[in-house]
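Structure record follows, encoded as structure tokens.
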Amino acid sequence: WANPDITSKNFPRKQTGTADIEVELILYFNRAISTGEALSEISKMGYRPADLHELLAFGEKYSKTQGQFPIMAFGSIWQDRFGRRCVPCISLDGSESLLGLSWVEDGWNEVCRFAAVR
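Numbering (the numbering used here), first residue to last: 23 to 140.
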């Protein structure tokens, strides 16, 4: 299942062609964390947030990983028609893969992981 707002219009590709990159998961911070705090910590670790396309490539390569916890892609932030900022996330519901959107303002609990690129 994919959120119908995840389209090429709302999440345009910033780059063309192909590249070999390694998307890694930033593990939980052992506590609930705001988006600003998570972005700051990711940057301090020498990473940048993965975008939607990198998240999808990660999910395809490591399909079982997304069943363990939701994985966010802060490199692609979209504002919906109500003014809420959202980021793509992948997870599983039973055996079904989900590509959803999560509100940035809500913050993140300790089970969330963050896709990042060094």
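Backbone N, C-alpha and C define an ideal beta-carbon position, used for all residues, glycine too.
Since the structure is predicted, the reported quantities are computational estimates derived from the model, not experimental observations.
Judged by beta-carbon spacing, I112 lies beyond the 9 angstroms limit of L47, meaning their Cβ atoms are not closer than that value.
Its Cα nearest to that of W125, the residue A95 stands out among A95, K36, F91. In the DSSP assignment, G58 falls within the unbroken alpha helix (DSSP H) covering 57-66. In its chain, beyond the 5 residues on either side, Y50, F91, P92, M94 have a beta carbon closer than 7 angstroms to the beta carbon of C134. Looking from the CA of L74, the closest CA among I28, D128, G129, W23 belongs to I28.
The residue from G122, V139, A138 with its alpha-carbon nearest to that of F33 is G122. For A95, there is no enclosing alpha helix (DSSP H), as DSSP marks it with neither H nor E. Residue environment analysis places P26 among the exposed positions, since fewer than 16 neighbouring C-beta atoms fall within 10 angstroms of its C-beta. For A54, there is no enclosing beta strand (DSSP E), as DSSP gives it neither H nor E.
Under the three-state reduction of DSSP, F136 is assigned to strand. Shown here for M67: same chain residues with a beta carbon closer than 8 angstroms to its own, the five before and five after excluded, namely I48, A138 in chain order.
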